[in-house]
Every structure is written in C-alpha cells, then in structure tokens.
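Have a look at the structure below before the remarks.
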Amino acid sequence: MPAFELDIESEEEPEKPKKGESIQISFEELLGADYTQTHFVKVEHNKTKQNPLDFELPIETSIQKEREDLLAEIQISSKDIEPIKGATIDKQAAGIPIGLNDRIAFVKHLFGNSDEDYNRVMNQLITFDSFQEAQNFIEDMVKPDYGDWQGKEEYEQRFIEIIEKKFA
C-alpha cells in the first residue's frame with residue numbers, strides 16, 4: 016500500500032468558441048477597468064492663417080559680416096594668384112596607359128599576382144618627373160622585392176618600354 020494518495024487535479028479548460036461562433040468582448044475587457052471617458056475639446060482656430068513661407072529675412076547675419084570683414088582684410092587680386100602648372104596635373108591625370116593584357120601579365124609575372132603591389136608601384140611611378148627617376152625606383156625598390164624579376168626579362172623589358180613612353 017502506498018504511503019500517500021495521488022490526487023489528480025483536473026484543470027478546467029476554458030470554453031473555446033466553436034468555429035461558427037463569434038467571441039463577444041466588452042469594452043471593459045478591451046480598455047481595462049480604469050478607463051475614463053475622453054474629453055473632447057474644440058480647438059479655436061486663428062481666423063488669419065499664417066503662411067509658413069511668409070517671414071522676414073534678417074537684414075545682416077554675423078556670418079555675412081565676418082565674411083565681408085575677412086574679404087576686406089585679404090584684398091587679393093587675380094594678378095596676385097599664380098596659375099598652377101598644368102603639366103604636373105596633366106601627368107598625374109593621364110597616368111600610364113597600360114592595356115589589359117599587359118596589366119594581367121605584369122601582375123602575374125612581375126608582381127607575384129598582387130594587384131595591390133602593382134597599383135602601389137604604378138601610383139608611385141606616376142609621381143616621378145623623369146624616366147631616370149622611375150627607372151632608378153624600379154631597379155632599387157621594386158625589383159629586389161620580387162627576386163629581381165629573374166627569368167622574366169621579356170615582361171620586364173615590356174614594362175620598362177611602357178614606362179619610358181610615359182616620359183617621352
């Protein structure tokens with residue numbers, strides 16, 4: 016015989032409405048017991064409606080005054096301004112024209128499949144003013160990083176020719 020008796024509690028299931036029936040909810044259930052009625056207040060409209068675009072501009076702002084003061088102090092004429100040398104801008108803007116096939120070959124064979132290294136070197140080459148500077152940079156800085164391009168003389172020669180054309 017067991018030492019205790021097991022009482023089975025039965026939970027009462029809430030009544031579920033059948034599919035055809037609709038559920039009725041009171042306002043108290045919906046809004047809560049502490050709901051108070053809303054008070055509607057009539058807003059008085061101004062008889063003259065003001066257009067939001069109708070406003071007065073300030074006569075002079077402090078920024079305008081500061082600007083005028085600075086311009087008066089500076090007084091630079093167009094004769095005082097030196098034109099920027101167009102040749103240096105043209106060189107940098109033009110870059111070095113290299114065809115797609117050459118570019119792929121140079122990246123693969125001369126720069127160890129590194130587009131980053133190729134772009135870095137090309138950006139550096141654009142900044143030089145003479146072919147001699149560019150060639151010294153290639154010989155002293157670039158080639159040692161890539162095994163002096165041994166066995167890749169054909170690609171090296173083509174690369175140098177293209178760089179030389181830029182400075183011609």
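Heads up: the sequence shown begins at 16 in the working numbering, then just goes up one per residue. Note that beta-carbon positions come from the ideal geometry of N, C-alpha and C, so glycine has one too.
Item	Value
Measuring CB to CB, does I153 end up less than 8 Å from M137?	no
On a CA-only basis, which of Q147, D155 and L86 is nearest E176? Give me that one, please.	Q147
Tell me the rounded alpha-carbon separation between N151 and Q90.	46 Å
Quick check: L115 and E171, are their CB atoms within less than 8 Å of each other?	no
Out of curiosity, what's the CA-to-CA distance linking I38 and K57?	36 Å
Alpha carbons only, please: which of S77, M156 and Q165 is nearest the one belonging to D132?	M156
For I178, count neighbouring Cβ atoms within 10 angstroms of its own Cβ and tell me buried if that reaches 16, exposed if not.	buried
Determine the burial state of A183: buried for a count of at least 16 other Cβ atoms within 10 Å of its Cβ, exposed for fewer.	exposed
Between which residues of its own chain and K181 is the CB-CB distance below 7 Å, once the five residues before and five after are set aside?	I111
Note down, in chain order, each residue of its chain lying with its Cβ closer than 7 Å to the Cβ of A108, except the 5 sequence neighbours on either side.	Residue confidence is low: A108 scores 44 on pLDDT, short of 50, so the model does not pin down where it sits. Its coordinate-derived value is still stated next. Cβ neighbours of A108 beyond the five flanking positions: none.
What are the boundary residues of the alpha helix (DSSP H) that includes Y133?	D130 to I141
So what's I38 in DSSP terms, helix, strand or just coil?	coil
I need the boundaries of the alpha helix (DSSP H) containing L115, first residue and last residue.	L115 to A120
State the Cα-Cα distance for the pair S129 and D144, rounded to the nearest angstrom.	26 Å
Rounded C-beta distance between R173 and D117? I'm assuming under 8 Å.	7 Å
Could you give the distance in angstroms between the alpha-carbon of D105 and the alpha-carbon of T142?	Note that D105 scores a pLDDT of 44, beneath 50, so its modelled location is shaky; the value from the coordinates is reported in the next line. For D105 and T142, the distance between alpha carbons rounds to 11 Å.
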